[in-house]
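Residue numbers (this note's numbering), protein chains in the order written: chain A, 1320 to 1435; chain B, 9 to 126.
No residue lacks a Cβ here, since even glycine has one placed at the ideal position from N, Cα and C.
The structure displayed is predicted, hence computed values, not measured ones.
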């Protein structure tokens, strides 16, 4: 069964510094997508970045980048130049493309706190 | 992307009652989903809302407890029936536009409905 593991329940980072949030996944399927979402205290889920299993390059979206290491089955989120507004829960998720349900499997999340 | 709204944003309900949550998307989407997030937990898919037919439920979720409707391509409702305190959660609606993989696979979420059952 597919599984997403986020081993860091909580992280601190100083404002303006970079931080890496870890995500490892387990699947035997060759075709899948990996997603990162941000959930502020308000509860909404904000899509941040996507990486396809066949993408040759690491995905980037503004201050967010994804360090994709396919052989190690890891998809770590890197946030550069942290801002106070980055304080939130961050969830890694995966979807197998052979799964016709289009279901996203989520990790347990990492709570990031940015210190001024 | 898709802009998704949900109503109500939060509610406090008595056990044994039912609550219907509405989800509206700003444009036609291929698929709509309902997730539950219990306190301090991650998200779990309840069901896929199918337009014009019965929803597809995940293991552990049943239609009698969580009836879902999707009368058109932009609107869906989730009812939490005969509520108990264990149903206290955030309920989130999501939608995706494409059926193919790749970046079109992205699911966008509504702001969530924070439900407390006393």
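Query: Residue-chain proximity (residue 1414 (chain A), chain B), Cβ-Cβ < 8 angstroms; Result: yes
Query: Nearest-angstrom Cα separation, counted from residue 117 (chain B) out to residue 1364 (chain A); Result: 6 angstroms
Query: Residue 1347 (chain A) at chain B interface by Cβ criterion, 8 angstroms; Result: no
Query: Under the three-state DSSP convention, the category residue 19 (chain B) falls into; Result: strand
Query: Interface flag, residue 113 (chain B) vs chain A, CB-CB below 8 angstroms; Result: yes
Query: Given 8 angstroms, three or more beta-carbon pairs between the segment 1340-1358 of chain A and the segment 1392-1411 of chain A; Result: yes
Query: Contacting positions in the segment 1344-1369 of chain A - beta carbon closer than 8 angstroms to chain B; Result: 1350, 1352, 1354, 1356, 1361, 1362, 1363, 1364, 1365, 1366 and 1369
Query: Residue 1335 (chain A) classed as buried or exposed, judged by whether at least 16 other C-beta atoms fall within 10 angstroms; Result: exposed
Query: Exposure label - residue 113 (chain B); buried when at least 16 CB within 10 Å; Result: buried
Query: Residue 81 (chain B) - DSSP class collapsed to helix/strand/coil; Result: coil
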